[in-house]
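Asker: Take this structure, written in structure tokens, and hold onto it; I'll ask about it next.
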Amino acid sequence: MAAELFKTLVPAHCLGSIWSERDNRERESLAPTVRDTVMHDNTVANCILVTCLGDVSMTAQDRARVVELWIRVAEECRGLGNFCSLHTILSALQSPAIARLQDTLGQVSRESSRTWKKWVRREKRVSRELLVQEATSVLKTAERACQGAQERQRQQDVVPSLVTFFCSLELLDATMEDYVEGNVLNCRKWNEQFKLMEEIELLQETANLYTVQPNEHFGAWFQAVEPLSKEESCSLSCQLEPRYHWVRKIRFFFKHKKNRSGQNTRPPTKGPVVVVDDPPETS
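In the UniProt record's numbering, the protein residues as written are 1 to 283.
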């Protein structure tokens, strides 16, 4: 689905001057191809939240197995070159509603935890240059293997996360004016924007090579998942694992030290104070 949406994306809809107006109610029809992609990413993120939080009868160990499943899905997405879904999964698993589930995350296997941390580190280093480099390599491989079916099956395609381009385009729009010295067109800005549009078109060429067949049963389930609002997900998270803050007095790790007067500076021992997170108010 992510690949199909990226294929139909209109690169100009990603321009900072256009996408920055997305919250303007008078321009709700602006950049429809980008909106479709963002809506799909939000649906994927919602599925992750629902599977991790939606069933209050699940134990922390059960939820840990679900987290491990999504980590494996993220790894598979990276293997397929689907940076879009990879970014969405990693972002959802780092959302406050899941990140605060310490009992759950503490029961995730070491192997899955290492894999998770590895992809988080690598995902932060994914840049436009890396995506373009991979796309160029894919296209060259496709040209060489146009007559070899076996080689084509091993080829990796690239579906980028639009966040990579949004950041560059919005920064470009915010830091550079359209015109300089009156009515003189700012050629530098337009050249940079044109370069970014070319990069998106190059990546769309690789997306056209994507051959993963959709699973009908998964697609039906995916579309049927009820959405959770941010408030609902946080409320469920607090219900599943109320967070207890133990307010502890200062303790010395080695020996009890004494002040200059010879008195023991160890504070008096008192029972810990327990503070429970209140679930967020829902409107």
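Every residue gets a Cβ at the ideal spot worked out from N, C-alpha and C, and that includes glycine.
Please report the residue range of the alpha helix (DSSP H) in which R110 lies.
Answerer: From DSSP, the alpha helix (DSSP H) with R110 extends over 110 to 124.
Asker: Go through its chain and collect everything with a Cβ distance to P11's Cβ below 7 angstroms, but skip five positions before and after it.
Answerer: The answer, listed in chain order, is M197, I200, E201.
Asker: Grab me the residues of E241's own chain with a C-beta within less than 6 angstroms of its C-beta, minus the 5 sequence neighbours each way, in chain order.
Answerer: Contacts found: L101, D103.
Asker: Just list the residues that DSSP pairs L240 with in beta bridges.
Answerer: L240 is not bridged to any residue.
Asker: Based on Cα-Cα distance, which residue from N42, L53, L9 lies nearest to S235?
Answerer: The residue with the shortest Cα to Cα distance from S235 is L53.
Asker: Check I82 in the structure and name its three-state DSSP category.
Answerer: The amino acid at residue 82 is misidentified as Ile; the sequence shows Asn. Of the three classes helix, strand and coil, the one that applies to N82 here is strand, per DSSP.
Asker: Using 10 angstroms around the beta-carbon of T211, count the other beta-carbons present and answer buried if the total reaches 16, otherwise exposed.
Answerer: Exposed, since its Cβ has fewer than 16 Cβ neighbours within 10 Å.
Asker: Using a Cβ distance threshold of 8 angstroms, determine whether the region 169 to 176 contacts the region 92 to 100, with at least three qualifying pairs required.
Answerer: No, they do not touch.
Asker: Excluding the 5 residues preceding and the 5 following A3 in the sequence, name in chain order all residues of the same chain whose CB lies nearer than 6 angstroms to its CB.
Answerer: V159, A207, Y210.
Asker: Would you call S161 buried or exposed, if buried means 16 or more other Cβ atoms sit within 10 Å of its Cβ?
Answerer: Buried, because 16 or more other Cβ atoms sit within 10 Å of the Cβ of S161.
Asker: Less than 7 angstroms between C-beta atoms, sequence neighbours within five positions excluded: which residues of the same chain meet that for L185?
Answerer: Closer than 7 angstroms at Cβ, skipping near neighbours: Y179.
Asker: What is the rounded straight-line gap between the Cα of S85 and the Cα of K118?
Answerer: In a straight line, the C-alpha of S85 is about 16 angstroms away from that of K118.
Asker: Whose C-alpha, out of P32, T164, E21, T43, is nearest the C-alpha of G219?
Answerer: Of P32, T164, E21, T43, the residue nearest in Cα terms is T43.
Asker: Could you round the C-beta distance between L90 and V120 to whole angstroms and report it? I think they count as a contact, below 8 angstroms.
Answerer: Yes, they are in contact, since the Cβ atoms of L90 and V120 sit about 6 angstroms apart, within 8 angstroms.
Asker: When DSSP labels each residue in this structure, what does L5 get in the three-state scheme?
Answerer: Of the three classes helix, strand and coil, the one that applies to L5 here is helix, per DSSP.
Asker: Quick one: what's got a C-beta closer than 7 angstroms to H40's C-beta in the same chain, skipping five residues either side?
Answerer: Here the set comprises M1, A2, L5.
Asker: Rounded to a whole number of angstroms, what is the C-alpha to C-alpha distance between N191 and M176?
Answerer: Roughly 12 angstroms between the two C-alpha positions.
Asker: Which residue marks the beginning of the alpha helix (DSSP H) containing residue 287, and which one marks its end?
Answerer: Here the chain comprises residues numbered 1 to 283, so residue 287 is not present and cannot be evaluated.
Asker: Run through the DSSP bridge pairs and tell me what V180 is partnered with.
Answerer: DSSP, once it has assigned bridges, lists V184 as partnering V180.
Asker: Excluding sequence positions up to five away, which residues of its chain have a Cβ less than 8 angstroms from the Cβ of F165?
Answerer: Within the same chain, F165 has close Cβ partners C14, R128, L196, E199, I200.
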